[in-house]
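Have a look at the structure below before the remarks.
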Amino acid sequence: MLKGDKIYLRAVELEDARIISAWLNDRETNINLDIIYPLSRRYADSYVLSSDEESNKKIFVIDNQDHKPIGLLIVDKIKWEYRNCEIGIVIYDKSQRGKGLGKDAMKTALDFIFNEMNMNLVYLNVLSDNKIAINMYRKLGFEFEGELRDRVYKNGKYLNIIAMSKKREEGI
Ligand SMILES: CC(C)(COP(=O)(O)OP(=O)(O)OC[C@H]1O[C@@H](n2cnc3c(N)ncnc32)[C@H](O)[C@@H]1OP(=O)(O)O)[C@@H](O)C(=O)NCCC(=O)NCCS
Numbered sequence: 021m022l023k024g025d026k027i028y029l030r031a032v033e034l035e036d037a038r039i040i041s042a043w044l045n046d047r048e049t050n051i052n053l054d055i056i057y058p059l060s061r062r063y064a065d066s067y068v069l070s071s072d073e074e075s076n077k078k079i080f081v082i083d084n085q086d087h088k089p090i091g092l093l094i095v096d097k098i099k100w101e102y103r104n105c106e107i108g109i110v111i112y113d114k115s116q117r118g119k120g121l122g123k124d125a126m127k128t129a130l131d132f133i134f135n136e137m138n139m140n141l142v143y144l145n146v147l148s149d150n151k152i153a154i155n156m157y158r159k160l161g162f163e164f165e166g167e168l169r170d171r172v173y174k175n176g177k178y179l180n181i182i183a184m185s186k187k188r189e190e191g192i
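Using my numbering, the first residue of the sequence shown is number 21, and each one after it goes up by one.
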């Protein structure tokens, strides 16, 4: 288990599949994510298992200080040869947003990714209208890399994707 100032990052367990299934079907949150269709409980089970079975993916459950699960932090597309990977974060428990937990989870994960997993660069994609997430990534030192036009369609509108990244040498 990884300990931050305000959160814990721990391995995802099969017992988490029930809450993860509910989280993955939260349409309000999915407006910010690349999830379109309702997802089955079987999908949630296989998603949980993928963290152990796939060498290029690690899924962490974010627990708050009371050890209550509040979200997920995903390290994906790990390219061990190039030493880069993608990062994603969602605080699914809306009552826990805006309290510094997302930023602390990201900081804790970045420290682990650079100093334990020995990655050189971490990248992410964010929808251009997701100002909260973009603010957070900027505060964490992620650099703007470019904007991809009309890559996503949500709520009857095309949206751009912003690509950002952070290198190890830039510090946490
Ligand atoms: C984006 C998300 C992970 C941020 O986590 P959080 O715990 O709510 O954010 P924090 O309280 O740690 O705040 C981190 C930074 O985000 C920004 N932020 C947070 N709430 C904000 C708000 N209401 N308005 C503007 N910026 C805000 C600030 O820059 C803040 O840093 P600061 O506190 O030093 O000013 C969370 O809101 C979430 O899960 N959203 C839905 C899913 C999502 O969009 N995921 C990202 C997909 S790319």
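In this text, a Cβ means the ideal position worked out from N, Cα and C, and glycines have one as well.
- Between F80 and M139, what straight-line distance do the alpha-carbon atoms span, to the nearest angstrom? Distance between the alpha carbons of F80 and M139 is about 17 Å.
- Message: Quick check on the burial criterion: 16 or more other C-beta atoms within 10 angstroms. Buried or exposed for F134?
- Response: With at least 16 other beta carbons inside 10 angstroms of its own, F134 counts as buried.
- Query: Within 10 angstroms of its Cβ, does F162 collect 16 or more other Cβ (buried), or is it exposed?
  - Reply: That one is buried.
- Message: For the pair the segment 158-173 and the segment 181-192, tell me if three or more CB-CB distances fall below 8 Å.
- Response: Taking one beta carbon from each stretch, the segment 158-173 and the segment 181-192 have 3 or more pairs nearer than 8 Å; the two touch.
- Item | Residue from K23, R30, I181 and T49 with nearest C-alpha to Y112 | Selected option, being the one with the closest Cα: T49.
- Residue closest to P118, alpha-carbon to alpha-carbon, out of I152, K99, S70 and F132: The identity of residue 118 in the sequence shown is Gly, whereas the question assumes Pro. Out of I152, K99, S70 and F132, I152 has the C-alpha closest to the C-alpha of G118.
- Query: Looking at the structure shown, is N15 part of a helix, part of a strand, or coil, going by DSSP?
  - Reply: Outside the shown range of the chain, which is 21 to 192, sits residue 15, and nothing can be said about it.
- Is the beta carbon of N155 within less than 7 Å of some heavy atom of ligand 1? Closer than 7 Å to some heavy atom of ligand 1: that describes the Cβ of N155.
- Message: Taking the beta strand (DSSP E) that M126 belongs to, which residues open and close that run?
- Response: In the DSSP annotation of this structure, M126 is not part of any beta strand (DSSP E); the continuous alpha helix (DSSP H) holding it starts and ends at L121 to N135.
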